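Below is one structure, written out as structure tokens; the observations come after it.
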Amino acid sequence: MSLGIERPASSEPEQGSSIGGSTRFVPGQSHDRITVVNGKVQLGQRLKDLWINRDLLMLLVRTELKVKYKDSALGYAWSMLNPALVLSIYYVVFKIIARNHQPNFAIWLFAGLLVWNLFNGSSLGATSVVVGKAGIVKKVAFPRELLALSVVGVNIVLFAIQVVVLVLAMLLFGITPSWQFVAILPLAMVALLMFTGALSIFLSAVNVYLRDTQHLTEVLLMAWFWGTSIVYTYGQIFLSGDDKHHPSLDWIQYVYLVNPITPIVMTFQRAIYGKTQYSYLSPGQPAGTKPTIYHVLPTWGVGAYAGLLGMVLIVSLGLFMLALIVFGRLEGNFAEEL
Amino acid sequence: MAVAIEVTDISKQFRLYNEKHTSLKERVIHGGKMPFTPFWALRDVNVEINQGETFGILGRNGCGKSTLLKCVAGILKPTTGEIKVRGTLAAMLELGAGFQPDLSGRDNIYLNGSLLGLSRADITKRFDDIVAFAELEDFIDNQVKFYSSGMYVRLGFAVAVNVEPDVLLVDEVLAVGDAAFQRKCLDHVKKFQREGRTIVVVSHGADTIRQNCARAMVMNHGQVITVDEPGEAIRVYLADLLGVGTLEGSESGGIAGNVLHIGAVMVDHSGSGIRGHMNSGEALTITAEVDSLAPVPNGMATIAIHDDENELVFASDPDDPACAIEVPEGGGIVKFFFPDVPLLDGTYSVSVGVRSDTETAIYDWKDQVTKFEVANPGRATGRVRLPLDVSFQLRSTGTTGEVPAVGAEFAPLALPGWEGSPA
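Those sequence lines, one after another, are chains A and B.
Using our numbering, you'd call the opening residue of the first sequence number 51 and step up by one each time.
Using our numbering, you'd call the opening residue of the second sequence number 47 and step up by one each time.
In structure tokens, the structure reads:
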């Protein structure tokens with residue numbers, strides 16, 4: 051039976067838009083395009099709809115910033131209170147109480163926390179975002195992944211502000227970054243955003259069905275933080291005095307290396323902190339004693355770091371697609387569950 | 047004509063849990079088991095809605111009409127089946143959904159417009175129209191949390207209709223704002239109809255459907271009962287809602303829904319058979335033949351008159367004891383007599399029905415079965431000839447017949463009975 055819908059035999063999914071059937075008004079686009087709503091998840095379509103709705107994503111980010119920080123300089127300064135406090139606590143605990151002798155320890159901390167704050171803030175924020183915006187989710191059709199991604203977007207803005215503070219601090223303390231590693235920071239950033247986005251999308255959907263995901267995420271993220279070399283150094287775990295990796299790794303060290311945040315944090319530290327080692331002579335040693343060399347990061351070249359980041363990026367891309375599929379599956383009943 | 051919305055074998059299952067575990071902790075404690083009863087909110091729904099058509103969906107609460115609308119909009123995903131929508135779509139399920147109270151009206155227009163699928167440039171282009179439509183020129187930079195509820199829904203409606211979609215889904219939101227704004231909304235819906243856009247209205251108000259729709263679908267328990275022209279659909283809906291469905295539990299349970307039938311409905315007035323039309327102010331008699339298989343002692347005759355724009359002009363009082371009729375087995379003739387019809391020019395349609403006095407059952411309802419035409423011999427215009435008496439009186443007291451002097455304009459207005467009273 052002819053239904054009067056002409057559609058090219060070749061490519062049905064390309065014809066219309068079908069993220070949960072949300073049809074977007076696209077100026078200039080044919081008004082004859084067909085939207086298909088069914089129980090299936092079409093990944094290509096979801097990606098396309100995300101791209102079509104980038105305006106909405108920007109607007110959601112801007113809205114959130116406006117609501118939270120009232121669009122004022124003081125508002126944004128306020129948003130820096132929390133990261134500043136965290137930084138000072140770790141500094142006091144490790145530098146002053148635990149007598150860490152690493153020079154410019156604050157910059158080392160800052161480089162790692164920069165990455166962590168973006169990852170942590172996005173994952174935690176995104177977990178509750180779909181539940182928090184139930185009003186829109188229940189009544190308006192749009193790609194709901196955007197809600198999770200908008201949280202990432204807000205955290206990118208906060209990240210940018212922290213970068214400005216960091217640059218000012220580096221100028222103040224006269225610290226030179228290592229420029230050849232700064233050059234691969236964009237790659238690290240893309241990998242970080244892809245991974246963070248994937249996790250955010252996944253958590254935002256799961257939390258609709260299991261509302262304690264929020265609390266679980268908090269605890270897991272804390273464990274994750276201590277499992278990443280931010281307040282301590284990679285060298286403390288893996289490197290012996292002569293910058294060689296320990297000949298045999300424990301299983302726990304393999305687990306450690308699976309953490310995709312680790313290479314990203316290490317790249318940031320390598321670029322910003324600029325050094326892979328420092329020497330330290332503890333006071334009270336007899337004269338003529340050679341200062342001990344401490345390795346904080348492996349002395350690999352840019353290629354090795356970039357290679358690791360590339361691997362993280364590829365895995366993250368896969369996870370992002372997977373997150374979209376899982377989200378698509380769970381999204382079908384959001385309106386009912388909320 | 048092309049099909050705008052094609053719904054094929056749509057079913058939607060909801061799970062009614064005896065006890066719902068919304069946290070991982072509870073799931074683990076209960077071993078991951080969550081007993082549920084499947085509930086089919088939609089069951090094998092098939093319907094085709096043509097382009098440019100205004101289509102109504104009628105049904106009582108919980109019949110699945112809103113679920114269907116949400117599936118078409120893509121807010122819910124069907125369990126099985128497929129829906130194809132041709133062209134752009136906007137759903138008005140709740141006005142102002144997604145408004146951020148802390149943002150200004152201006153920011154909210156952008157946010158809401160984007161959520162409904164407009165690009166930034168598009169919203170900028172329509173911004174002034176939206177503000178003008180919502181009548182919020184003076185408040186557009188105020189935070190939405192300070193808006194009155196009327197202003198809130200007006201803004202929501204203004205954004206939604208200015209999206210100008212090919213397909214508009216409306217869920218009983220037309221009744222917003224004051225009378226003037228409602229008129230404006232209806233005008234906008236009519237404009238959409240003229241422009242050939244497809245509109246799907248979900249309602250449990252028969253009048254909304256009758257006045258706006260070309261076709262209507264009646265749903266019950268997630269299934270399509272009928273798809274028909276509005277009059278017939280409303281009859282089925284009323285029978286379903288107030289008749290068969292509720293009769294089972296009522297005391298008159300012995301009477302089935304098809305005990306009584308209304309046959310021919312005739313119009314009789316001074317012009318019948320000669321001029322074809324009646325004059326304004328004359329008497330009108332409407333007779334309806336009623337066949338009855340069993341005695342109906344508690345009948346209530348009802349009549350409704352609609353004008354040629356399908357607006358309801360008159361519907362009889364459901365509690366009026368004068369409308370009570372007692373129909374013996376076999377039936378008879380019901381006579382409706384209007385001694386003085388104050389209607390002005392126009393063609394009016396007549397609907398008649400018989401229901402039980404407790405409003406639990408509609409025995410039969412003939413929707414707009416016959417028409418009559420009214421011509422107005424005078425030059426008054428409008429819908430109704432209101433009894434009018436005009437008299438003239440001078441403003442000042444005591445000086446009958448004289449033109450009031452300059453300055454007398456400020457004299458106090460004469461009160462009734464003032465003139466004759468002693469100074």
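The beta-carbon is built from N, C-alpha and C at its ideal position, and this holds for glycine as well.
On a predicted model such as this, the values are computed, not experimentally measured, just so you know.
Tell me whether the beta-carbon of Leu-359/A lies closer than 9 Å to the beta-carbon of Ile-234/A. Along the first sequence, one-based indexing puts residue 359/A at 309. Along the first sequence, one-based indexing puts residue 234/A at 184. Yes, they are a contact pair.
Looking at the structure shown, is Phe-60/B part of a helix, part of a strand, or coil, going by DSSP? Within the second sequence, numbered from 1, the residue matching residue 60/B stands at position 14. Of the three classes helix, strand and coil, the one that applies to Phe-60/B here is strand, per DSSP.
Between Lys-58/B and Leu-115/B, is the Cβ-Cβ spacing less than 9 Å? Your numbering for residue 58/B matches position 12 in the second sequence. Your numbering for residue 115/B matches position 69 in the second sequence. Contact flag unset, no.
Distance between Val-305/A and Lys-325/A (C-alpha atoms, nearest Å): In the first sequence, the residue the question calls residue 325/A occupies position 275. In the first sequence, the residue the question calls residue 305/A occupies position 255. Cα-Cα distance, rounded: 26 Å.
Residue of Gly-251/B, Leu-70/B, Gly-163/B and Glu-140/B minimising C-alpha distance to Gly-105/B: Your numbering for residue 105/B matches position 59 in the second sequence. When only C-alpha atoms are compared, the closest one is Gly-251/B.
Smallest Cα separation from Met-265/B: which of Leu-232/B, Ser-249/B and Asp-187/B? For the purposes of this step, residue 265/B is taken as residue 219 along the second sequence, with counting starting at 1. Among Leu-232/B, Ser-249/B and Asp-187/B, the Cα nearest to that of Met-265/B belongs to Ser-249/B.
Per the contact definition of three or more C-beta pairs closer than 8 Å, is the segment 364-384 of chain B in contact with the segment 394-413 of chain B? yes
8 Å Cβ shell around Gly-162/A - same chain, five flanking residues per side excluded: Against the first sequence, residue 162/A aligns to sequence position 112. Contacts found: Thr-278, Ser-279, Ile-280, Val-281, Val-315, Phe-318 and Gln-319.
Rounded separation between Ala-50/B and Met-130/A - CA only: Reading the second sequence from its first residue, position 4 is the one you call residue 50/B. Reading the first sequence from its first residue, position 80 is the one you call residue 130/A. Distance between the alpha carbons of Ala-50/B and Met-130/A is about 52 Å.
Let me check one thing: in DSSP terms, what residues is Phe-82/B bridge-paired to? To locate residue 82/B, count along the second sequence from 1; it is residue 36. Answer by DSSP bridge pairing, in chain order: Tyr-63/B.
Is there contact between the segment 89-105 of chain B and the segment 268-280 of chain B, where contact requires at least three CB pairs shorter than 8 Å? yes
Against Asp-105/A, what residues of chain B qualify as contacts under a CB-to-CB distance less than 7 Å, listed in chain order? Walking along the first sequence from the start, residue 105/A turns up at place 55. In chain order: Ser-160, Ser-165 and Arg-166.
Does Ile-211/A come out as helix, strand or coil in the three-state DSSP assignment? Along the first sequence, one-based indexing puts residue 211/A at 161. Reduced to three states, the DSSP call for Ile-211/A is helix.
Rounded to whole angstroms, how far is the Cβ of Tyr-330/A from the Cβ of Thr-342/A, which I believe are closer than 8 Å? In the first sequence, the residue the question calls residue 330/A occupies position 280. In the first sequence, the residue the question calls residue 342/A occupies position 292. That belief holds up - the Cβ atoms of Tyr-330/A and Thr-342/A are roughly 6 Å apart, short of 8 Å.
Give the residues of chain A in contact with Leu-88/B, contact being defined as C-beta atoms less than 9 Å apart. For the purposes of this step, residue 88/B is taken as residue 42 along the second sequence, with counting starting at 1. Under the 9 Å cutoff, chain A gives no residues; its nearest Cβ is about 12 Å from Leu-88/B.
On a CA-only basis, which of Val-380/B, Ala-285/B and Val-359/B is nearest Ile-332/B? Give me that one, please. The residue you call residue 332/B lines up with position 286 of the second sequence. When only C-alpha atoms are compared, the closest one is Val-380/B.
Between the segment 116-123 of chain A and the segment 175-194 of chain A, do at least 3 Cβ pairs fall closer than 8 Å? no
Is it right to say Ala-148/A is buried, meaning 16 or more other beta carbons lie within 10 angstroms of its own, or is it exposed? Here residue 148/A corresponds to residue number 98 of the first sequence, with the count starting at 1. Ala-148/A comes out exposed.
In the DSSP assignment, find the alpha helix (DSSP H) that holds Glu-72/B and state where it starts and stops. By one-based count along the second sequence, residue 72/B stands at place 26. Unbroken alpha helix (DSSP H) run through Glu-72/B: 70-75.
Pick from Asn-103/A, Asn-257/A, Pro-348/A and Leu-110/A that is closest to Leu-174/A, judged by C-alpha positions: To locate residue 174/A, count along the first sequence from 1; it is residue 124. Comparing Cα-Cα distances from Leu-174/A to each of Asn-103/A, Asn-257/A, Pro-348/A and Leu-110/A, the minimum goes to Asn-257/A.
Alpha carbons only, please: which of Leu-215/B, Arg-132/B, Asp-90/B and Pro-124/B is nearest the one belonging to Leu-141/B? In the second sequence, residue 141/B corresponds to position 95, counting from 1. The candidate whose alpha carbon is nearest that of Leu-141/B is Leu-215/B.
Just mark Tyr-63/B as buried or exposed, buried being the case when its beta carbon has 16 or more other beta carbons within 10 Å. Within the second sequence, the letter at position 17 stands for residue 63/B. Classification for Tyr-63/B: exposed.
Compute the distance between the beta-carbons of Glu-387/A and Tyr-259/A, then report whether it is under 9 Å. As a position in the first sequence, residue 387/A is number 337, starting the count at 1. As a position in the first sequence, residue 259/A is number 209, starting the count at 1. Closer than 9 Å, so yes.
Who does Trp-411/B pair with in a DSSP beta bridge? Position 365 of the second sequence, counting from 1, holds the residue named residue 411/B. DSSP output for Trp-411/B lists Gly-399/B as bridge partner(s).
Go ahead and pull the three-state DSSP assignment for Thr-339/A. Within the first sequence, residue 339/A is the residue found at index 289, counting from 1. Thr-339/A: coil per DSSP, three-state reduction.
Have a look at Val-111/A and Leu-161/B and give me their C-alpha separation to the nearest angstrom. Numbered from its first residue, the first sequence carries residue 111/A at position 61. Numbered from its first residue, the second sequence carries residue 161/B at position 115. Straight-line Cα distance between these residues: approximately 13 Å.
Bridge-paired residues (DSSP) for Ile-251/A: The count along the first sequence starts at 1 and reaches residue 251/A at position 201. Per DSSP, none; premise fails for Ile-251/A.
Contact list for Thr-317/A against chain B, beta-carbon separation under 7 Å: In the first sequence, residue 317/A corresponds to position 267, counting from 1. Result: empty, since nearest Cβ-Cβ is about 34 Å, beyond 7 Å.
What residue range does the beta strand (DSSP E) around Ile-349/B cover? Position 303 of the second sequence, counting from 1, holds the residue named residue 349/B. Run containing Ile-349/B: 342-352, per the beta strand (DSSP E) assignment.
Within a Cβ cutoff of 8 Å, which residues of the same chain sit near Tyr-141/A, ignoring the five residues on either side of it in sequence? In the first sequence, counting from the first residue as 1, residue 141/A sits at position 91. Phe-155, Ala-156 and Leu-159, listed in sequence order.
What does the alpha-carbon distance come out to for the pair Phe-370/A and Val-181/A? Locating residue 370/A in the first sequence gives position 320, where the first residue counts as 1. Locating residue 181/A in the first sequence gives position 131, where the first residue counts as 1. When rounded, the distance between both Cα atoms is 21 Å.
Closer than 7 Å at the beta carbon, the chain B residues around Ala-385/A: If you number the first sequence from 1, residue 385/A lands on position 335. In chain order: Lys-116, Ile-121 and Leu-122.
Where does the unbroken alpha helix (DSSP H) through Asn-170/A begin, and where does it stop? Numbered from its first residue, the first sequence carries residue 170/A at position 120. Unbroken alpha helix (DSSP H) run through Asn-170/A: 155-177.
How should Leu-306/B be labelled, buried or exposed, when 16 other C-beta atoms within 10 angstroms of its C-beta is the threshold for buried? One-based indexing of the second sequence puts residue 306/B at position 260. Result: buried.
Since Ser-69/B meets chain A, which of its residues come closer than 7 Å, beta carbon to beta carbon? Counted from its first residue, the second sequence places residue 69/B at position 23. Residues of chain A passing the Cβ test: Leu-260, Arg-261 and Asp-262.
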